[in-house]
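Everything on this sheet refers to the single structure shown next.
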Ligand SMILES: Nc1ncnc2c1ncn2[C@@H]1O[C@H](COP(=O)(O)OP(=O)(O)OP(=O)(O)O)[C@@H](O)[C@H]1O
Ligand SMILES: [Mg+2]
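Shown next as structure tokens:
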């Protein structure tokens, strides 16, 4: 990964019809980096890409490219190419001419155009499709034409807006590998948009988690998964049990009515916090061996593991285990110090809780004084 | 089966109002007034070749002018905000609600030697220009009457055009002019073709407009046919023959147009 900063968004704010869409948005992207914008629908991912591409003028803030301010530069003069959410191929041109479009506009030599287009079509596995009409291609093939068209221009930065959204799971996985390979080969900086967290974690160098027009967390996939900054990130990335807790002191967290040793320190005495425990970190043990125990409410087979919902005094925990547990059985939940992740309280605290919607015993939760974990 | 039965009334309608009249035209064109077979009518049509040439020429000029005016108008309407689009469309339709004759009369008084425009030119010290009873006046009348038929098909293709395709072209480095020549225009070709058809066909066969604005010297085929059925030189057989030849000529013109369209959609747009 290069150290040079190729794109920088500084203090960007955008609103449409008075509705703020991006707020106080700061993002630095290094040359050759694979950055993914991840967030729920409507959080402003496409808008962020459109600002980089030049299709949206921010109300506030500036966009820099290689250190030069490009806020007012029109899209056609930016060394950035986009793969649009809906492929946006030219319906009046065949596959070859679609891919050649950028080079024709830049008045490249015919021999160079021929050679580059062939190379691009080969790269996306569409050799032999050059003369086809784009309307006769399948969604996956159109997608690959869009990729070839953007890459043929030799951009410094490629913006990809959910490029794999329309593909079936198998093709999606193949294309993920393919895109990652292309990115490594060409060294082009990728800014990739998705709302599929698995895709984001497996492909990126850096993940930017967004919600409601704000960046919630920027970090490597490992950081984002293991050290979520707030309840939103914890809930959005992977499965998590999120509980209200307090820090009884350094390395000592209190939640679910018990005290647990943990690895976090530096909080104020008795500071309220959010506690995250990943389902795969919890060990199912005999009840007497663990601090917490509860009744198995439901078991779902997921292929690799079982997804087990356990009712502990009304709070529904999810655990993932390769061993089957019978519904109605009493089991203990073993939680080690490094399984506990402590987060500061945020606007998202209390919005995400347990897995009660997984079970059909909602009433049990509603009647319980420990409903939200405390 | 149901669908087939439902189609019967339309079938009957088509036979009565399309097939039968066509056959009648054919029949009259190839018979004398006594009902005997003859090729004389078709042969006589040749005498009016200058009228045919003039009609096709004026029709083509009016179509070209309509395209030049209609395309930018349609483009602008398609690019304005949705709430304004319907207002602008209404403005285009509004004159069409006025009677056709009335509209053309209005142009007469505007274009007359002592008409409004000439009075204005005089007042501005530019001198009077003879406009009425010229081919230019006929073209003006046709464009005014038929330009909405150019605007509507163009507007409908331009409004349906996916804006992300235009953004894709900009993204790939095309300036506004290039985006227009390489993407917008080629993609709007179906609208251009149908607009040309909708204007050219009625323009070539127009009458009244040519009589009112063109004077006696600029008669068109429509006037000629009119004369054979209602006018002084009553001869429905010759009128039918002229109609037939006109129909064939228009079909040929349209055939050439469609050829052009096919070439356009397969090729690479207009190089710029
Ligand atoms: N041109 C526009 N005019 C008005 N509102 C807009 C416009 N573009 C986007 N928005 C609004 O801005 C918000 C963010 O939109 P954006 O397209 O960036 O979301 P997104 O994160 O890409 O969502 P998705 O995952 O569904 O594609 C949405 O609430 C959307 O309705
Ligand atoms: Mg989007």
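Chains as they are written, first to last, in my numbering: chain C, 228 to 601; chain A, 1005 to 1276. Think of the CB as a built atom: it goes at the ideal place given N, C-alpha and C, for glycine as much as any other residue.
Item: Comparing alpha-carbon positions, which option in A:1121, A:1246, A:1146 lies nearest residue 1134 (chain A)?; Value: A:1121
Item: Terminal residues of the continuous beta strand (DSSP E) containing residue 474 (chain C)?; Value: 468-476
Item: With a threshold of 7 Å on Cβ separation, who are the neighbours of residue 557 (chain C) within its own chain once the five nearest residues in sequence on each side are excluded?; Value: 514, 520, 522
Item: Measure the C-alpha to C-alpha separation of residue 572 (chain C) and residue 547 (chain C) and round it to an integer number of angstroms.; Value: 26 Å
Item: Can you name the residues of chain C whose CB is closer than 9 Å to the CB of residue 1190 (chain A)?; Value: 317, 319, 320
Item: Grouping DSSP H, G and I as helix and E and B as strand, with all else coil, what is residue 240 (chain C)?; Value: strand
Item: Run through chain A and tell me which residues come within less than 8 Å of residue 452 (chain C), C-beta to C-beta.; Value: Per Cβ cutoff of 8 Å: no residues; residue 452 (chain C) is ~33 Å from chain A at best.
Item: Is it buried or exposed for residue 1103 (chain A), if we count other Cβ within 10 angstroms and need 16 for buried?; Value: exposed
Item: Which class does residue 952 (chain A) belong to by DSSP, given the choice of helix, strand or coil?; Value: This structure does not reach residue 952 (chain A), given that chain A is present from 1005 up to 1276, and the question cannot be answered.
Item: Give me, in chain order, the residues of the same chain whose beta-carbon lies closer than 6 Å to that of residue 443 (chain C); leave out the 5 immediate sequence neighbours on both sides.; Value: 436, 459, 460
Item: Nearest CA to the CA of residue 284 (chain C): which residue from C:295, C:301, C:271?; Value: C:301
Item: Chain A partners of residue 343 (chain C), CB-CB under 7 Å?; Value: None at all; the shortest Cβ gap to chain A is about 13 Å.
Item: Does the distance from the C-beta atom of residue 1152 (chain A) to that of residue 1212 (chain A) stay below 8 Å?; Value: no
Item: Going along the chain, which residues of its own chain have a beta-carbon closer than 8 Å to the beta-carbon of residue 590 (chain C), five neighbours each way excluded?; Value: Bear in mind that the predicted position of residue 590 (chain C) carries a pLDDT of just 43, short of 50, making it unreliable; the figure below should be weighed with that in mind. Contacts found: none.
Item: If you draw a straight line from the C-alpha of residue 1186 (chain A) to the C-alpha of residue 316 (chain C), how long is it?; Value: 13 Å
Item: Less than 8 Å between the C-beta atoms of residue 254 (chain C) and residue 424 (chain C), yes or no?; Value: no
Item: So if I threshold CB-CB distances at 9 Å, which residues from the segment 380-406 of chain C count as touching chain A?; Value: 380, 386
Item: If I'm right that residue 311 (chain C) touches residue 388 (chain C) with Cβ under 8 Å, what's the distance once you round it to whole angstroms?; Value: 6 Å
Item: Does the distance between the C-beta of residue 370 (chain C) and the nearest non-hydrogen atom of ligand 2 fall short of 7 Å?; Value: no
Item: Residue 482 (chain C) and residue 471 (chain C): beta carbons closer than 8 Å?; Value: yes
Item: Looking at chain C, is there any beta carbon in it that lies within less than 8 Å of the beta carbon of residue 1247 (chain A)?; Value: no
Item: Pull every residue with its beta-carbon under 7 Å away from any heavy atom of ligand 4, and keep them in chain order.; Value: Annotation note on ligand 4: not contained in the displayed structure, which lists ligand 1 and ligand 2 as its ligands.
Item: DSSP on residue 386 (chain C), reduced to helix/strand/coil?; Value: strand
Item: Using 10 angstroms around the beta-carbon of residue 411 (chain C), count the other beta-carbons present and answer buried if the total reaches 16, otherwise exposed.; Value: exposed
Item: Is the beta carbon of residue 323 (chain C) closer than 8 Å to that of residue 462 (chain C)?; Value: no
Item: Ends of the alpha helix (DSSP H) at residue 1230 (chain A)?; Value: 1225-1233
Item: Would you kindly work out how many angstroms separate the C-alpha atoms of residue 1274 (chain A) and residue 343 (chain C), rounded to a whole number?; Value: Confidence in residue 1274 (chain A) is poor, its pLDDT being 39 and thus under 50, which makes the residue's placement unreliable; the coordinate value appears in the next sentence. Near 22 Å, if we compare the C-alpha coordinates of residue 343 (chain C) and residue 1274 (chain A).
Item: Given the structure, does residue 199 (chain C) come close to ligand 1, in the sense that its CB is under 7 Å from one of the ligand's heavy atoms?; Value: The structure shown does not extend to residue 199 (chain C), since chain C is modelled only from 228 to 601, so the question has no answer here.
Item: Exposed or buried, residue 277 (chain C), counting other C-beta atoms within 10 Å across all chains shown (16 or more means buried)?; Value: buried
Item: Please determine whether the Cβ atom of residue 568 (chain C) lies at a distance below 7 Å from any heavy atom of ligand 1.; Value: no
Item: In terms of residue numbering, what span does the alpha helix (DSSP H) encompassing residue 424 (chain C) cover?; Value: 424-430
Item: Helix, strand or coil: which one does DSSP assign to residue 524 (chain C)?; Value: strand
Item: Taking the beta strand (DSSP E) that residue 179 (chain C) falls in, what are its first and last residues?; Value: Limits of chain C in this structure are 228 at one end and 601 at the other, which puts residue 179 (chain C) out of reach.
Item: Under 6 Å Cβ to Cβ from residue 445 (chain C), same chain only, skipping five residues before and after it: list those, please.; Value: 435
Item: Classify residue 1013 (chain A): buried if its beta carbon has 16 or more other beta carbons within 10 angstroms, exposed otherwise.; Value: exposed
Item: Our contact map puts residue 318 (chain C) next to residue 1191 (chain A) with C-beta atoms below 8 Å; I'd like the distance itself, whole angstroms only.; Value: 7 Å
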